[in-house]
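What follows is a short report on a single structure.
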Amino acid sequence: MRSIWAAVFLMLAGFALLAQERTGLLFREDWKELPAAMPVTEEHVANPALALRLYGPGRDGIKKSHHDQPKDDPYYIWSGECKGAWAVALRHRDFYADLSGAAKIRWRAKQSGGRELRVIIKLADGTWLVSDQSDGPSDVWREREFNIAELRWRALNIGTVTEGGWKEKPDLSRVDEIGFTDLMAGGRTPASSRLDWIEVWAAGRKRENRNASSLVYPGKDGKLVYVADDRGNRIPDFSHAGYRGGGANLPDVPVKAEVAPADGDDGARIQAAIDRVSKLPLDKRGLRGAVLLKKGRYEIEGAIKIAASGVVLRGEGQDENGTTLIATGTQKRTLIEVGGDGQPREVPGTRREIADAYVPVGAYSFHVKDAAGFKAGDTIIVHRPSTAGWIHTLGMDRIPPRKDGGRVEQWKPGTKDLRFDRVITRVNGNEITIDAPLCNSFDNEFGGGAIYKYEFAGRITEVGVENLRGVSEYKGREDEDEAHAWDFIVIDAAANAWARRVTALHFGHSAVDIERWAKWVTVTDSVCLDPVSVITGSRRYPFVITGQLSLVQRCFARNGRHDFAQGSLSPGPNVFLDCASEKSHADTGPHHRWSAGALYDNVRVPDGAINIRNRGNLGTGHGWAGANMVIWNSEAGVITCEKPPTAQNFCIGCRTKDRRGDGRWESFGQPVEPRSLYLKQLEDRLGVAAVRAIQAERR
Numbered sequence: 003m004r005s006i007w008a009a010v011f012l013m014l015a016g017f018a019l020l021a022q023e024r025t026g027l028l029f030r031e032d033w034k035e036l037p038a039a040m041p042v043t044e045e046h047v048a049n050p051a052l053a054l055r056l057y058g059p060g061r062d063g064i065k066k067s068h069h070d071q072p073k074d075d076p077y078y079i080w081s082g083e084c085k086g087a088w089a090v091a092l093r094h095r096d097f098y099a100d101l102s103g104a105a106k107i108r109w110r111a112k113q114s115g116g117r118e119l120r121v122i123i124k125l126a127d128g129t130w131l132v133s134d135q136s137d138g139p140s141d142v143w144r145e146r147e148f149n150i151a152e153l154r155w156r157a158l159n160i161g162t163v164t165e166g167g168w169k170e171k172p173d174l175s176r177v178d179e180i181g182f183t184d185l186m187a188g189g190r191t192p193a194s195s196r197l198d199w200i201e202v203w204a205a206g207r208k209r210e211n212r213n214a215s216s217l218v219y220p221g222k223d224g225k226l227v228y229v230a231d232d233r234g235n236r237i238p239d240f241s242h243a244g245y246r247g248g249g250a251n252l253p254d255v256p257v258k259a260e261v262a263p264a265d266g267d268d269g270a271r272i273q274a275a276i277d278r279v280s281k282l283p284l285d286k287r288g289l290r291g292a293v294l295l296k297k298g299r300y301e302i303e304g305a306i307k308i309a310a311s312g313v314v315l316r317g318e319g320q321d322e323n324g325t326t327l328i329a330t331g332t333q334k335r336t337l338i339e340v341g342g343d344g345q346p347r348e349v350p351g352t353r354r355e356i357a358d359a360y361v362p363v364g365a366y367s368f369h370v371k372d373a374a375g376f377k378a379g380d381t382i383i384v385h386r387p388s389t390a391g392w393i394h395t396l397g398m399d400r401i402p403p404r405k406d407g408g409r410v411e412q413w414k415p416g417t418k419d420l421r422f423d424r425v426i427t428r429v430n431g432n433e434i435t436i437d438a439p440l441c442n443s444f445d446n447e448f449g450g451g452a453i454y455k456y457e458f459a460g461r462i463t464e465v466g467v468e469n470l471r472g473v474s475e476y477k478g479r480e481d482e483d484e485a486h487a488w489d490f491i492v493i494d495a496a497a498n499a500w501a502r503r504v505t506a507l508h509f510g511h512s513a514v515d516i517e518r519w520a521k522w523v524t525v526t527d528s529v530c531l532d533p534v535s536v537i538t539g540s541r542r543y544p545f546v547i548t549g550q551l552s553l554v555q556r557c558f559a560r561n562g563r564h565d566f567a568q569g570s571l572s573p574g575p576n577v578f579l580d581c582a583s584e585k586s587h588a589d590t591g592p593h594h595r596w597s598a599g600a601l602y603d604n605v606r607v608p609d610g611a612i613n614i615r616n617r618g619n620l621g622t623g624h625g626w627a628g629a630n631m632v633i634w635n636s637e638a639g640v641i642t643c644e645k646p647p648t649a650q651n652f653c654i655g656c657r658t659k660d661r662r663g664d665g666r667w668e669s670f671g672q673p674v675e676p677r678s679l680y681l682k683q684l685e686d687r688l689g690v691a692a693v694r695a696i697q698a699e700r701r
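Numbering of the sequence shown is given in the numbering used here, commencing with residue 3 and proceeding in unit increments.
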């Protein structure tokens, strides 16, 4: 069988090369002879030149089917289980199809129950069309040929798979995807569509970009086009993550105090210098000044705290010849604490219920029942409740017991609320527009949501740590000793903060930990090496985000566990960009209890895993760890992408030897354009200068 398929593939490749010059067989798809599966995936596509795309509210019910009897029953696509309208499309990785000439589409199909199978196409500019001609019901398998020149076309809403008005004389010279739909939900065997094989006879035009996602892709004007599902959910714009909302240079803060190494404990002298700078007046940028630690070795028995806005702690290099802070002693602690105190406090009388029955993922605007008293510039919390009905739908009130008898906590109503920290940019009647997208849907069925103003007097801003090396001193075995400093840098109760060019060595937990009440944080060009601890839970999280609107860029970890992790209930958007690790002892990804809206963009953990999944009874009942997350052009030894109830997760353009999960997979094994989703979203929103600003941090 393998030799037959190899011959077929070579033949198809030859056809494709000929098709560059004239109309011929551009591609054929006949589906692999694998066991039936629902939904059909790219694993079932026989032609290696093709990428599979599924669309519509019924897409998860599209089945790759066959029957044991009769023996000649083909391996085919079946719509019987689709709960809503559906569509299947195929995309040639190397060529657009030129359907403007003597082109045709052929297939073998069988419809029942009034279903009529139609041709659908996606033009290079992102426009979707559906044919007027169709292939109607039949009691037997039959072949049908569509001459493209004889077809008329209607607009197609690919999110809902519904047809619109006529489109006269569309440009068919560059067709990106070709497929089929009957524009209806499935009705089991009595009312469904079946397609055995499909052929496209057309000239091929070489693609400028080798591959793209069907969900977010470069349009005709070069900017990204987003495709929403039937409820309006779309991949969010992650570009708001990072210092000052993304795309801003980290400031070069002038030095106002210097410290040089000395004998004995240096912690008190460093803290005194920080305290002196903390009393200086803020300039117009919100900065006070930097404390410069000259090259050398500094012993610190306790901890260092930056608790005032506008203060930066800076060294003269993160390597062994730069500035090194030695965390001495046996106390488990954070070496550098960055942040104020407290948490947001709701302003009494400002809570307003969201009026919309459904607010989709990726939304910037929504309606409240009464917007009186709100204006542009107000800081608000957009509060999504965790109701008993939602928790039950997720199955998180019935997490199974652990085999070892360990404690499992069922999720309780009101304990898994999401709080999106946002700024109002516009008020129009009762419509509120905010500065960054929502990364979870708000559904009346599950309690809707509300907004309220907040105060946060204890939060500090414009603070950073840079050009430093931290070493946690230890005495025991590397996989046993835990009597030593635990975190190098922890950031909390802070906004517009950063850590750049820092290296952490031997800390038991993290290099940089962005905690719950941190916002607009950038961590860049930093390293976490060889943590010292028992290799088990709650240890070795080199770079972890529990806050929101934060970016971890160009960072590296070695011998960690959860190298690039999301904590519980992290509201997003958050981004890990161009990060890598080696010798990982566990998985990268959201760790527990419904983090929403993270992007893993060009993250590489070749000997580890990237997992977005239901962690079930792990820990004390981690359950569904992540929702509405995207893994983009990344690579890992194992990738798991599962779909939680009420949400979705995406794996696009990724490579792995071990693929798992029923989430939305696209272009498996083939990277997509743009290379970086975050950088392209940033360019679209703020221009090329914003991309240059954050790329300029690399030194």
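Note that beta-carbon positions come from the ideal geometry of N, C-alpha and C, so glycine has one too. Keep in mind it's a predicted model, so treat the numbers as computed, not measured.
Work out the CA separation of residue j and residue i for me, nearest whole Å.
| i | j | result |
| --- | --- | --- |
| Glu517 | Val465 | 15 Å |
| Arg556 | Ala259 | 29 Å |
| Asp285 | Gly304 | 31 Å |
| Ala627 | Gly574 | 13 Å |
| Leu709 | Gly344 | Because the chain in this structure spans residues 3 to 701, residue 709 falls outside the shown range and cannot be described. |
| Tyr360 | Gly449 | 10 Å |
| Ser195 | Ser114 | 6 Å |
| Pro646 | Lys477 | 44 Å |
| Leu174 | Phe509 | 59 Å |
| Ile123 | Glu644 | 29 Å |
| Gly431 | Ala496 | 32 Å |
| Leu131 | Ile150 | 12 Å |
| Asp62 | Thr622 | 31 Å |
| Phe11 | Ser597 | With a pLDDT of 45 at Phe11, under the threshold of 50, the modelled position of this residue cannot be trusted, and the question is left open. |
| Pro172 | Gly665 | 34 Å |
| Val605 | Lys455 | 36 Å |
Tell me the DSSP bridge mates of residue i?
| i | result |
| --- | --- |
| Val340 | Ile308 and Ile493 |
| Arg421 | His385 |
| Arg236 | Paired residues: none, contrary to the question. |
| Gly364 | DSSP, once it has assigned bridges, lists no residue as partnering Gly364. |
| Asn616 | Trp626 |
| Asp100 | Ala205 |
| Gln113 | Ser195 |
| Gln412 | In the DSSP output, where bridge partners are listed per residue, Gln412 has none listed. |
| Lys477 | Its beta-bridge partners do not exist; DSSP assigns none. |
| Ala485 | Per DSSP, none; premise fails for Ala485. |
The alpha helix (DSSP H) spanning residue i covers which residue range?
| i | result |
| --- | --- |
| Thr395 | Ala390 to Leu396 |
| Asp399 | Segment: none, Asp399 is in no alpha helix (DSSP H) and carries neither H nor E. |
| Leu119 | Taken as a continuous stretch (DSSP letters only), Leu119 belongs to no alpha helix (DSSP H), being part of the beta strand (DSSP E) at Leu119 to Leu125. |
| Gln697 | Val690 to Gln697 |
Taking only three categories from DSSP, how would you classify residue i?
| i | result |
| --- | --- |
| Leu12 | Low local confidence applies: a pLDDT of 43 at Leu12 is under 50, so the model's placement there is unreliable, with the coordinate-based value given in what follows. DSSP places Leu12 in helix when its eight states are reduced to three. |
| Asn446 | helix |
| His68 | coil |
| Lys682 | helix |
| Gln273 | helix |
| Asp62 | helix |
| Ala150 | The question names Ala, but residue 150 in the sequence shown is Ile. Helix at Ile150. |
| Ser512 | strand |
| Glu45 | helix |
| Arg542 | coil |
| Tyr300 | strand |
| Asp451 | In the sequence as presented, Asp is not what sits at residue 451; that position holds Gly. Note: Gly451 maps to coil in three-state DSSP. |
| Gly291 | strand |
| Met3 | Low confidence applies here, because Met3 scores a pLDDT of 42, under 50, leaving its location unreliable; read the following figure in that light. Note: Met3 maps to coil in three-state DSSP. |
| Gly247 | helix |
| Val279 | helix |
From what residue to what residue does the beta strand (DSSP E) around residue i run?
| i | result |
| --- | --- |
| Ser474 | Ile462 to Ser474 |
| Thr524 | Ala520 to Thr526 |
| Leu315 | Val313 to Arg316 |
| Trp155 | Trp155 to Asn159 |
| Ile633 | Val632 to Trp634 |
| Asp220 | Correcting the residue identity first, residue 220 is Pro in this sequence and not Asp. It spans Val218 to Pro220 - the beta strand (DSSP E) in which Pro220 sits, taken as one unbroken run. |
| Tyr602 | Ala600 to Asp603 |
**Study point:** Cβ pair count under 8 Å reaching 3, the region 352–369 against the region 576–583
**Key:** Short answer: they don't touch.
Exercise for review: Count the C-beta pairs between the region 416–427 and the region 650–664 that are closer than 8 Å, then say yes if the count reaches three, no if not.
Suggested key: no
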